[in-house]
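Here is the structure:
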C-alpha cells in the first residue's frame, strides 16, 4: 500500500513537472519570437543611424573641400587679374620678369595644392579608420550575440516539434491583433483625411501652427518609444527570472531521479540478505520524501504567491501605462498634423505591416533545419569577410604609418634644425620598418631634392639675368629725357615689390611647414620615449637598448586579456579580467592604451551585455573585477580616454544603470557601478541619457529600505539620490 502511494506520488510529480516544463518551453519560445523581432528592429535602427552619420560626415568633408577649392580658385583668379594689369603696363619690357613670376606662382600654387591634398587625404584616412574600427566592433558584438543565440537554439532543437501548435496559436493571435490594428488605423486615416480637407483651406498661419505641433508630437513620440523600451526591458527581466527558476526545478528533479534510481538498484541487489533493513529504509525514505514534498509544495506555494503579486503589479502598471498612453494619444489627436507627416506615418505603417507579414509567412514556410544551415553559412561568410577587411585595413594603416614615419625621418635629416629639441639621443632607436620601402622612399626624396636644386639654380640664373637687364635698362635710360625716366621708374619699383613679396611668402610658408614637421617629429619621439620609459618601469623584465621589449610586452598582454574576456569558459574570462585589472591600475598610460588602441571600452560594454543574461556566482565575480576597470576608465584624466568615453556616453550610462538594477544582491557590484553612474552623470551633456534614472533609484530605494545604514548599497544609494534627484 505504501509503495502504491509512493508510485502514485511520483507519477503526479512527474506529470506536474512535465506540465511546468511545457509551460517553460512555451514561455521560452515566446521570448525567442520577441527577441527576433527586437533584433530586427534594432538592426534597422542601427543601419539608419549609420547611414545618416556617414552622409553627414561626407557632406562636411565635401563642404570643407568646396570652401578650400573656392578660396584657391579665387586667389588664383585675383592673381591672374593682377598679372593682366601688370602686363598691360609693362608691355614688352617685362616679358622675362612675367615669365619668372608666372613660374614662381605656379610653383607656389602646386605646393599649396599638394599640401591641401595631403591634409585632405590624411583626414579621409583617419575618418575611414575610425568608421571601420567602430563597424568592426559592432560586427564582432553582433556575431558574439548570434553565437550565444545559436548555442541556445541547438540545446532546444529536440523540443521544437512539441510547440508547433503553440507557435500557430501565437501567430493567429498576432495576425488577429494586426487586423484589428489595421481596421483602427483605417478609421483613423479616414478621420484624418476629412480633417486634411479642412487643413488645405487654411491660411499661412496654420502652417506655422502645424510645424510647432509636429515638433511637440515628435517629442511625445520619442517619450512613447522610451517608455515602450522600458516596458520591454522589464518584461524581459521578469521572463528571464521565471526561466531560471524553471531550469533550477528541472535540474533538481533530474538529480533527485538519478539519486532515487541509484538507491533502488542498491536496495534491489541487497534485498535477499537484508529484507528487514529494506523495510526500515523504505519507511524512512518515504518519510523523508514526504517531508521534502511538503517543503517543495510550501516553496512552490510561496513562489506562486510571489509570482501572483508580481503579475498583479505588472497588470496595474500595464493598465496605468495604457491609460496614460490613451490620454496622450487623445491629446495628440486633438492637434493638427502636417500633411507630409501624415503621409510619412502612413507609409511607415504600411511598410512595417508588409515586412511583418512577409517575415511571418517566410518563417512558417521554410523548414527550421534549412534556415539554421543558411544562417550558419551566412554568419561564417560575413565573419570571414569582416576579418579579411579588418586585416586589410590594419595592414594598410601600418603601411601608411611606416611610410609617413620614413618620410618624416628623411625630411628631418635633410632639413636644417633650428632647435636643440630636435636632437634625438643615440640610445633611442626608431621602430623597425620595411627597409626596402624606406630605401625606395629615400630615393624618391633625394630625386625630388635634386629637381628642386636644379630648378632653384635656373630660378637664380633668371633672377640674375633680370637684374642685369634692369641695370642695363637703367643705364640706357640715363641718356633719355627726364620725363620718360620718371614714368618708367614706378613700374620697375612695383615689379620688384611683387617679386620680393612672393619670395617672402614662399620663405615664410616653407619655414612654417618645416617647423610643423619638426614639432610633430619631436612630439612623436617624445611620446615614444615616455611610452618606453613607462613600460620599462611597469614591466619587471629587462629591456634591451631601452627600445625592444621582451617576448611578452605589456600592450600584448592587454590585447590577449581583452580576447580572453570573450572566451566561453568562465575561468578563462576571470583570468582575463584579473590581468586587465592589474595592468590598468599601474598607470594612466596603460589605461589609455587599453581604451584607445585595444578598444577596451567597447569590449567592456560587450562583455557587460553578455554577462547580464545570467546571475551565477562566476558571472558576479567577473563583473566585480571588471567594475573596477570600468570605474578606472571613467575616472581617467587622459584626453584620449575622455574623448572615447564621451563618444560612448549613452551606451555607458544605459549599461551602468542596467547592471546597478540587475545585480542588486551583490554589494560590491552595486557600490562600484553606483560610483560609475555618478562619474557619468557629472560629465557635460550626460544628463539627457539618465532620463530613466528616477525609476531605477526609486526601485532601489524600496529594495534597500530594510538594509543597515552601514551597508555599501545603502551608502551609495543615499549619495546618488542626493546628487541625481535633488529635492
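In UniProt numbering, the protein residues as written are 1 to 727. Quick reminder that beta carbons are idealized off the backbone N, C-alpha and C, glycines included.
Next item on the list: Could you pull out every residue in the same chain whose Cβ sits closer than 8 Å to the Cβ of residue 654, ignoring the five residues on either side in sequence?
Entry: Around residue 654, the same chain offers 689 as residues with beta carbons nearer than 8 Å, after the five sequence neighbours per side are excluded.
Notebook entry, point to check: Looking only at C-alpha atoms, which of 590, 22, 722 and 510 sits nearest to residue 167?
Noted result: 22
Check: Expressed to the nearest angstrom, what Euclidean distance is found between the alpha-carbon atoms of residue 34 and residue 41?
Finding: 11 Å
Next item on the list: Specify whether the stretch 108 to 124 and the stretch 58 to 68 touch according to this definition: at least 3 beta carbon pairs, one from each stretch, less than 8 Å apart.
Entry: Contact between the stretch 108 to 124 and the stretch 58 to 68 is present, with at least three C-beta pairs closer than 8 Å.
Margin query: Just to check my reading of the structure: residue 693 and residue 673 have Cβ atoms closer than 8 Å, yes? What is that Cβ distance to the nearest angstrom?
Written below: Wrong, their Cβ atoms sit about 13 Å apart, outside the cutoff.
Next item on the list: Would you tell me roughly how many angstroms separate the C-alpha atoms of residue 588 and residue 596, rounded to the nearest one?
Entry: 12 Å
Next item on the list: Count the C-beta pairs between the stretch 245 to 263 and the stretch 316 to 334 that are closer than 8 Å, then say yes if the count reaches three, no if not.
Entry: no
Next item on the list: Please state whether DSSP places residue 573 in a helix, a strand or coil.
Entry: helix
Next item on the list: Give the C-beta separation of residue 112 and residue 72 to the nearest angstrom, bearing in mind that I take them to be a contact with Cβ-Cβ under 8 Å.
Entry: 7 Å
Next item on the list: Using a threshold of 8 Å, state whether the C-beta atoms of residue 662 and residue 634 are closer than that.
Entry: no
Next item on the list: Have a look at residue 659 and residue 670 and give me their C-alpha separation to the nearest angstrom.
Entry: Approximately 8 Å between the Cα atoms of the pair.
Notebook entry, point to check: Is residue 708 helix, strand or coil by DSSP?
Noted result: coil
Next item on the list: Rounded to whole angstroms, what's the CA-CA distance from residue 285 to residue 571? Just pull it up for me.
Entry: 39 Å
Notebook entry, point to check: So what does DSSP say about residue 557, is it helix, strand or coil?
Noted result: helix
Notebook entry, point to check: Out of curiosity, what's the CA-to-CA distance linking residue 556 and residue 57?
Noted result: The alpha-carbon separation between residue 556 and residue 57 amounts to approximately 33 Å.
Item checked: Nearest-angstrom beta carbon gap, residue 577 and residue 626 [assumed within contact, 8 Å] -> 5 Å
Note to self: Can you tell me whether residue 586 is helix, strand or coil according to DSSP?
What the structure shows: coil
Check: According to DSSP, is residue 6 helix, strand or coil?
Finding: helix
Note to self: Rounded to whole angstroms, what is the Cα-Cα separation between residue 136 and residue 563?
What the structure shows: So the alpha carbons of these two residues sit roughly 14 Å apart.
Checklist line | Same chain, Cβ closer than 8 Å to residue 708, neighbours up to 5 away in sequence not counted | finding: 714
Next item on the list: Answer with buried or exposed for residue 720, where buried requires no fewer than 16 other C-beta atoms within 10 angstroms of its C-beta.
Entry: Residue 720 counts as buried, since at least 16 other C-beta atoms from the protein chains shown sit within 10 angstroms of its C-beta.
Check: Is residue 320 buried or exposed, if buried means 16 or more other CB atoms sit within 10 Å of its CB?
Finding: Burial is judged here by how many other beta carbons sit within 10 angstroms of a residue's own beta carbon; residue 320 has fewer than 16 and is exposed.
Margin query: Quick check: residue 628 and residue 698, are their CB atoms within less than 8 Å of each other?
Written below: no
Notebook entry, point to check: alpha helix (DSSP H) containing residue 323: first to last residue?
Noted result: 275 to 333
Next item on the list: Could you round the C-beta distance between residue 139 and residue 386 to whole angstroms and report it? I think they count as a contact, below 8 Å.
Entry: 5 Å
Checklist line | Selection from 300, 24 and 62 that minimises the alpha carbon distance to residue 238 | finding: Nearest neighbour of residue 238 by Cα position, chosen from 300, 24 and 62, turns out to be 24.
Notebook entry, point to check: Where do the N-terminal and C-terminal ends of the alpha helix (DSSP H) with residue 694 fall, by residue?
Noted result: 693 to 703
Next item on the list: Determine, using beta carbons only, whether residue 12 and residue 253 come nearer to each other than 8 Å.
Entry: no
Checklist line | Beta-carbon proximity of residue 36 to residue 610, cut-off 8 Å | finding: Cβ atoms of residue 36 and residue 610: not closer than 8 Å.
Next item on the list: Run the CB neighbour count on residue 28, radius 10 Å, all protein chains shown included, and call it buried at 16 or more, exposed below.
Entry: buried
Notebook entry, point to check: What is the DSSP secondary structure of residue 665, counted as helix, strand or coil?
Noted result: Three-state result, residue 665: coil.
Check: residue 156 to residue 32, Cα distance in whole Å?
Finding: 11 Å
Notebook entry, point to check: Near residue 717, which residues of its chain fall below 6 Å by C-beta distance, leaving aside the five closest residues on each side in sequence?
Noted result: 700 and 704
Next item on the list: Decide if residue 593 is buried, meaning its Cβ has at least 16 other Cβ atoms within 10 Å, or exposed.
Entry: buried
Checklist line | Local Cβ density within 10 Å of residue 644, reported as buried at 16 or more and exposed below that | finding: buried
Margin query: Assuming the contact rule is C-beta atoms closer than 8 Å, residue 144 and residue 566 should be a hit. Round their C-beta distance to whole Å, please.
Written below: 6 Å
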